[in-house]
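Keeping their order, the protein sequence lines are chains F and S. Residue 21 is where the first sequence starts when you use the numbering used here, and the numbers rise one by one after that. Residue 13 is where the second sequence starts when you use the numbering used here, and the numbers rise one by one after that. Quick reminder that beta carbons are idealized off the backbone N, C-alpha and C, glycines included. Data block below; observations after.
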Amino acid sequence: MPSEGAAGCGRWSEMLESLLALGGLVLLRDSVEWEGRSFLKALIRKAALSGEQVRILGCEVSEEEFREGFDSDVNSRLVYHDLFRDPLNWSKTGEAPPGGPLGALRAMCKRTDPGPVTIAIDSLSWLLLRQPCTTVCQVLHALSHRTPCPGHSPAVEQVRVLGLLHEELHGPGPVGALSSLAQTEVTLGGTAGLDSAHIVFRRPRQRPTHQTQWFSILPDFSLDLQEGPRLECQPHPDPYTSPVDPTTHLTFNLRLSKKEKEARDGLTLPFQFSSEKQQALLRPGQGQAASHIFYEPDAYDDLDQEDPDDDLDV
Amino acid sequence: MKGMHLPDIRMLLQGASPRSSEMFPELNNLLNTTPDKAEQGKLTLLCDARTDGSFLVHHFLSFYLKANCKVCFVALLQSFSHYNIVAQKLGVSLAAARERGQLVFLEGLKSSVDVFFQAQEDPHPLQFLREASAGNLQPLYEFVREALTPADNGAAAWRCPVLLVDDLSVLLSLGMGAVAVLDFVHYCRATVCCELKGNMVALVHDSGDAEDEENNTLLIGLSHQSHLILRTEGLATGFCKDVHGQLRILWRRPSQSTARRDRSLTFQYKIQDKNVSFFARGMSPAIL
């Protein structure tokens, strides 16, 4: 699919901005088929290029692998909290953060420098597999609704949490709980080589809005918006230019003239019991001829005068 | 030549390649790799559903031995002689590789007995068999790390380290939780793939049972960690003499150089005595 050029660049920037604008928790739901780390990195790149500091809780990939593809501008604004190398402290070197991954997250809450900050969690699934869902949700809620630091302006600071969730790993309970915490939800999918993001915005005091966007991610993690997959099956146009009237060429009469209607209404139905009919039946033989049966035997008829029931012993 | 035969459709589809008696050359074509230029730092997940995907284990074992890599094989399913017999058909001797130090072979069936009948000072790699409560696989990870970390003399005798596991579903049936197995794979990946720039190949069975939550968690969790997923499936229509199954190749997390995104291919295959032939769906030479 051809890219949109300059107009396209503006549009993808707008789209990512709209995802980051609401603040709070942005939940990225991916699957084995459609991985979401690239989209997460695209969001991180956008946030970093806007001048923000991005803190990443990295549990699933090494720092080197995560930083791969970002240019130095972006990389200088990323702080990678490495929980990949030794999350369970098996090496016993004491490098693992105290309190484990959730402790590291809570520590991110307590930073003192001002300005908007983006926290990326790679991944929420990693946390959910090892910690109770309620604890994770509580920490996430605390993260995205931070009280302002003492000494700074009382306005709530802009905190944005980008959480990557492998939704196939979890039951509907945890997924639903995280979904209800999220201000924005992006479900990744796609078809025939084109990626899609189904976005749900939950703006305060408004109904949730849905949007589907098709895109492809470039090697530097910028987005290239696409128009959508080419529709292979268009609906067939109506082959009949004028509708055929089904009431022409009938073998029966659909309409009655006024005279025919009157004649029909005056008809006595055979089983309708009127008083005249009652009288006629009670006085048989008046004006009624005896009924006749006319029968003409043909050559093959065998008229047998015997009564076939004679041999019955009744 | 025993009479006339139809042009080899497989060759036309994939381009001719010289036949050799080592590993499965057609599979190498599909994966676009040879022992000389194998990628490093990758986790390959082998998965089978309704069929036996162990031929892929044999392929990768002989592939990496031919590629002059140091291989640590955690073999939980079969005996050493079983793998050795198959490897010999593919042109590799496991016994010789073990003797020259290229292959470290953990024979699960044999050494599990040692856990109970031999006093060990250090925890045995399969120590979890003794533990009543759900433990972790740290001793197994330490065994792998020690086997593949190059010796201090600095001389790089082998190309890169490779960890091969056959298979991870056995660990579930031995009582480990899915998260414990995922943690083990996580640590192995951190050490073998990232730190030592080696590769890892592991086999998991897909029971197809939606009720088996542990296995599903393991399978999906591993899929997300993998760079390459090879999934073999039995044909939905049942057993067929000429088509033994279907192979689906899914490339995830491509490196920057390949810039391929989630490309997936599906082929059908037939396992022969010393080779596996692959063909596009519906294009088996037997039915054309």
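- Boundaries for P173/S: no alpha helix (DSSP H) harbours it, while the beta strand (DSSP E) harbouring it runs P173 to D178, taken from the DSSP string.
- For F104/F, the secondary structure class from DSSP, reduced to helix, strand or coil, is coil.
- Around the beta carbon of Y76/S, 16 or more other beta carbons sit within 10 angstroms, so the residue counts as buried.
- For C84/S, the uninterrupted beta strand (DSSP E) run begins and ends at K82 to A87, by DSSP.
- Counting C-beta pairs closer than 8 Å gives three or more between the segment 77 to 85 of chain F and the segment 94 to 107 of chain F, which meets the contact rule.
- Leaving aside the five residues that flank R201/S on each side, the residues in its chain whose CB is nearer than 7 Å to its CB run, in chain order, L55, M212 and Q237.
- For the 7 Å CB-CB criterion, F279/S and L247/S do not form a contact.
- For E296/F, the enclosing alpha helix (DSSP H) has its first and last residue at S295 to L302.
- Put simply, the segment 225 to 234 of chain F does not touch the segment 45 to 55 of chain F. Fewer than three CB pairs are less than 8 Å apart.
- Spatial neighbours of L277/S in its own chain (CB-CB distance under 6 Å, excluding positions within 5 residues in sequence) are listed in chain order as I261.
- In the three-state reduction of the DSSP assignment, A79/S falls in the coil class.
- Sequence-ordered contacts of the segment 143 to 158 of chain S with chain F read N148, Q150, Y153 and E154 [C-beta pairs closer than 9 Å].
- For R49/F, the uninterrupted beta strand (DSSP E) run begins and ends at G44 to D50, by DSSP.
- The beta-carbon distance between L180/S and A214/S, rounded to whole angstroms, is 5 Å. This is short enough to meet the 8 Å contact definition.
- Residues of the segment 205 to 236 of chain S that bring their beta carbon within less than 7 Å of a beta carbon in chain F comprise C206, T229, I232, G233, S235 and H236, in sequence order.
- Residue-level contact check: E83/F does not touch chain S, since none of the beta carbons of chain S fall below 7 Å from its beta carbon.
- Note on V125/S: under 16 other CB atoms within 10 angstroms of its CB, so exposed under the neighbour-count rule.
- In the three-state scheme derived from DSSP, where H, G and I count as helix and E and B as strand, F291/S is classed as strand.
- Measuring C-alpha to C-alpha distances from A162/F to each of L148/F, R180/F and W146/F identifies R180/F as the nearest.
- With a contact defined as Cβ atoms closer than 8 Å, G183/F and W54/F miss out at about 17 Å.
- Under DSSP, W263/S forms a beta bridge with L240/S.
- Residue pairing by DSSP puts T207/F in a beta bridge opposite R49/F and H218/F.
- In the DSSP assignment, E119/S falls within the beta strand (DSSP E) that extends over L115 to E119.
- For I283/S, the enclosing beta strand (DSSP E) begins and ends at S276 to I283.
- With a contact defined as Cβ atoms closer than 8 Å, L118/S and F67/S miss out at about 21 Å.
- With respect to the C-alpha of K209/S, the residue from A50/S, T46/S and G103/S having the closest C-alpha is A50/S.
- Counting only residues of its own chain and dropping the five nearest sequence neighbours on each side, G120/S has a CB closer than 8 Å to the CB of V86, A87, L88, L89, L138 and V182.
- By the neighbour-count definition (other C-beta atoms within 10 Å, threshold 16), S277/F is an exposed residue.
- In this structure, the beta-carbon distance from F241/F to D215/F does not fall below 7 Å.
- Between H186/F and chain S, the shortest Cβ-Cβ separation is below 7 Å.
- For W110/F, the three-state secondary structure derived from DSSP is coil.
- When secondary structure is reduced to three states using DSSP, M188/S falls in the coil class, being assigned neither helix nor strand.
- Close to chain S, meaning a Cβ-Cβ distance shorter than 8 Å, are the following residues of the segment 91 to 123 of chain F: F104, R105, D106, P107, L108 and W110.
- At least one CB atom of chain F sits nearer than 7 Å to the CB of A202/S.
- Just so you know, the alpha carbons of V104/S and S74/S end up roughly 6 Å apart.
- Chain-order list of chain F residues neighbouring R264/S: V52 and E55, by C-beta distance under 8 Å.
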